[in-house]
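Numbering (our numbering), first residue to last: 29 to 230.
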């Protein structure tokens, strides 16, 4: 599990080509997913301008009808340093091959980790890069949907903290949970319970 504690969008300048006035692009950083950003048409381009270079290895988003997303990352000289293309559950990740794959999916040349629990629009999703991208100064996100208007409830970009796996060392000790009843006359009744011999947290 990964958690994004510091969202670079919190301190960035966000602009949009097609955002509606009632649903501005700044709503993407709201802690409430239902406070959506919405475009007036089915496509939009969002520009995220940063005041300093940042490191990025994760993108999170949620509550959206977005079906295509192209994320371009640029350095301070406006040179492209990273590109991710997401369509439904398919991800094309740029790492030096030609622009022929820019808006396509190449199954032989992609890696990373894309997570979506289901096909539901409200289900939060994430893209975890295989390595940290340093020196990012600007991010341009192109979005598209197959519905009349594009919307998204929230987005987070930055360095995600990977939660460690549980490593607590349990000492094995069998506990007899049987119920024992004794009478004054010396009779004993035991309701035998099989001891738990393995830990199972499911």
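Backbone N, C-alpha and C fix where the C-beta goes; we use that ideal spot for every residue, glycine too.
Cβ-based neighbour list, residue i, same chain, cut-off 8 Å, excluding 5 preceding and 5 following
i	result
residue 124	For residue 124, the pLDDT reaches just 44, beneath the cut-off of 50, and the residue's location in the model is therefore unreliable, although a value from the coordinates is still provided. Counting only Cβ-Cβ distances below 8 Å, and skipping sequence neighbours, we find nothing.
residue 187	32, 34, 83, 84, 85, 86, 160
residue 127	Bear in mind that the predicted position of residue 127 carries a pLDDT of just 46, short of 50, making it unreliable; the figure below should be weighed with that in mind. If we look at residue 127 and ignore the five residues flanking it on each side, it has no Cβ neighbours.
Spatially closest choice to residue i from the options, by CA coordinates
i	options	result
residue 55	78, 86, 85, 92	92
residue 47	80, 219, 180, 189	180
residue 32	50, 57, 204	57
residue 173	207, 101, 184, 114	114
residue 158	98, 80, 190	190
residue 39	77, 49, 45, 153	77
residue 175	94, 112, 221	94
residue 98	49, 163, 63, 155	155
residue 43	53, 90, 63	53
residue 79	63, 193, 37	37
Own chain partners of residue i with C-beta closer than 6 Å, once the 5 adjacent residues on each side are dropped
i	result
residue 210	216
residue 178	67, 70, 72, 171
residue 218	206, 208
residue 110	101, 161
residue 167	76, 101
residue 141	Model confidence at residue 141 stands at a pLDDT of 43, short of 50, so the residue's coordinates are unreliable; what they give is reported in the following sentence. Once the five neighbours on either side are set aside, the close Cβ partners of residue 141 are 156.
Whole-angstrom C-beta distance between residue j and residue i, which should lie under 8 Å
i	j	result
residue 165	residue 83	With a Cβ gap of about 12 Å, residue 165 and residue 83 do not count as contacting.
residue 74	residue 185	Contact doesn't hold; Cβ gap of about 11 Å is too wide.
residue 182	residue 61	5 Å
Neighbourhood of residue i by C-beta, 7 Å cutoff - its chain only, sequence neighbours within 5 removed
i	result
residue 147	At residue 147 the pLDDT is 49, less than 50, meaning the model places this residue with poor confidence; the figure from the coordinates comes in the next sentence. So no residue of the chain qualifies.
residue 41	77
residue 204	223
residue 29	191
residue 220	206
Is there contact here, the segment 58 to 67 with the segment 104 to 113, by at least three beta-carbon pairs under 8 Å? no
Write down every uninterrupted run of the beta strand (DSSP E) in the segment 31 to 72 whose length is 3 residues or greater and which is fully enclosed by it, in chain order. 41 to 44
List, from N- to C-terminal side, the beta strand (DSSP E) runs of 3 residues or more that fit wholly inside the segment 90 to 118. 96 to 102, 108 to 115
3 or more residues per run - each beta strand (DSSP E) lying fully within the segment 148 to 174: 153 to 172
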